[in-house]
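Novice: Numbering (this note's numbering), first residue to last: 13 to 258.
From the three backbone atoms N, C-alpha and C, an ideal C-beta is built for every residue, glycine too.
The structure under discussion is supplied below as structure tokens; questions concerning it will follow.
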């Protein structure tokens, strides 16, 4: 099977759901209410007010984040690194606002670079976040496998973000076998209902503990497939909630 490599097979992996980017709670109140339903196997949910924390506190986002946090779900603030082009001062400002306004439990560093030369600056950003909130949960949103050094600095890495057509033939980097599954996240769009179990098997085999599978598509890069709840959400939740598969 092409999605397997010579890395040791990972079995008995327990998975949870990470929600990378839902629409604003004002326009999608039912979706946010569904996320707060007790028993949903959520690892974390990203709060993206306006490509970040926005210019002022948003009461709808504050309410949605509070409902999730009161239910024991981690809420992460969205920080856009713009592939390493965002000024450090802007990231500090955004992090402060996420923490002050929404009391986030951590951050998704979106569009995070993955090459070795950018590692010192990303490490500097992570150090800043931990200085602001020592127990903050940091997820690096690479979208593909970075150089291994990034795994030494963050809590989780997003090592796949893309279509089902690409995912079913994907390969995992062998160095990931040196880390537990809870360190890696996979986000896959365009997954048909009939292929949910296959996608889960790939994620568990490749050692990804946090996943998001949606049947929505990006329409050739013209749409955000993550902002709308999957049409097969209930089945997805049910299959993830069964725990170990293999």
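1) With distances taken between CB atoms, is the gap from residue 118 to residue 88 smaller than 7 Å?
2) From residue 157 to residue 91, what distance separates their C-alpha atoms?
3) Residues bridged to residue 183 by DSSP?
4) First and last residue of the beta strand (DSSP E) that includes residue 175?
5) Can you have a look at residue 226 and say buried or exposed, based on whether 16 or more other CB atoms are within 10 angstroms of its CB?
6) Assuming residue 151 and residue 197 form a contact by the criterion Cβ under 8 Å, report the distance between their Cβ atoms to the nearest whole angstrom.
7) Can you give the Cα-Cα distance for residue 270 and residue 57, rounded to whole angstroms?
8) Are three or more beta carbon pairs between the region 96-111 and the region 79-86 nearer than 8 Å?
9) Return yes when the Cβ of residue 165 is within less than 7 Å of the Cβ of residue 135, no when it is not.
10) In chain order, what residues of the same chain have a beta carbon less than 6 Å from the beta carbon of residue 222, not counting five sequence neighbours either side?
11) Under 8 Å by Cβ, that's how I've got residue 137 and residue 103 pegged, so tell me the actual separation to the nearest angstrom.
12) Quick check on the burial criterion: 16 or more other C-beta atoms within 10 angstroms. Buried or exposed for residue 186?
13) In whole angstroms, give me the CA-to-CA distance for residue 183 and residue 216.
14) Does DSSP classify residue 262 as helix, strand or coil?
Specialist: Let's see:
1) yes
2) 19 Å
3) DSSP lists no partner for residue 183.
4) 168-175
5) buried
6) 7 Å
7) Since the first residue shown for the chain is 13 and the last is 258, residue 270 is missing from the structure and cannot be characterised.
8) no
9) yes
10) 28, 30, 55, 197
11) 6 Å
12) exposed
13) 13 Å
14) This structure cannot settle anything about residue 262, because the visible part of the chain is limited to 13 through 258.
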